[in-house]
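This report concerns only the one structure given below.
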Amino acid sequence: MEANRTGDYRLQEAQRQVGEVQNVMRDNLTKVIERGEKLDDLDAKAEDLEAEGQRFQNRAGRLRRQMWWQNKRNQLLIGGVILAIIAVIVIIVATR
Numbered sequence: 001m002e003a004n005r006t007g008d009y010r011l012q013e014a015q016r017q018v019g020e021v022q023n024v025m026r027d028n029l030t031k032v033i034e035r036g037e038k039l040d041d042l043d044a045k046a047e048d049l050e051a052e053g054q055r056f057q058n059r060a061g062r063l064r065r066q067m068w069w070q071n072k073r074n075q076l077l078i079g080g081v082i083l084a085i086i087a088v089i090v091i092i093v094a095t096r
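In terms of the numbering used here, the sequence shown opens at residue 1 and continues consecutively.
Okay, structure coming up:
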C-alpha cells in the first residue's frame, strides 16, 4: 500500500512537472510568434523608411536643380541691368 502511494505521488509529481513544462513551452511559443510579428512590423517600417528616403532624395535633387536655374536667371538679370546702366552711362558720356 505504501509503495502504491509513493507511486501515485511520483506520477502526480511527474504530471505536474509536465504541466509546468507545457505552460513554459506555450509561453515560449507565444513569445516567438509575437517576436516574429514585431520583426515583420519592423521590416515593413524599414521598407517604408527606405522608400521615403528615396523620395526625399529625388525631391532634394529637383529642388537643387530648380534653385540652380533660379540663381542663374538672377545672375543674368543682374548682369543685364549692369550692362544697361553701363550702356546708358556710355551713351550719356558719348553725346556730350
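Think of the CB as a built atom: it goes at the ideal place given N, C-alpha and C, for glycine as much as any other residue.
The model shown is predicted, which means the values in this text are computed figures rather than measured ones.
Here Thr-95 carries a coil assignment [DSSP, helix/strand/coil]. As the crow flies, the alpha-carbon of Lys-31 is around 51 Å from that of Arg-65. The C-alpha of Arg-5 lies about 30 Å from the C-alpha of Met-25.
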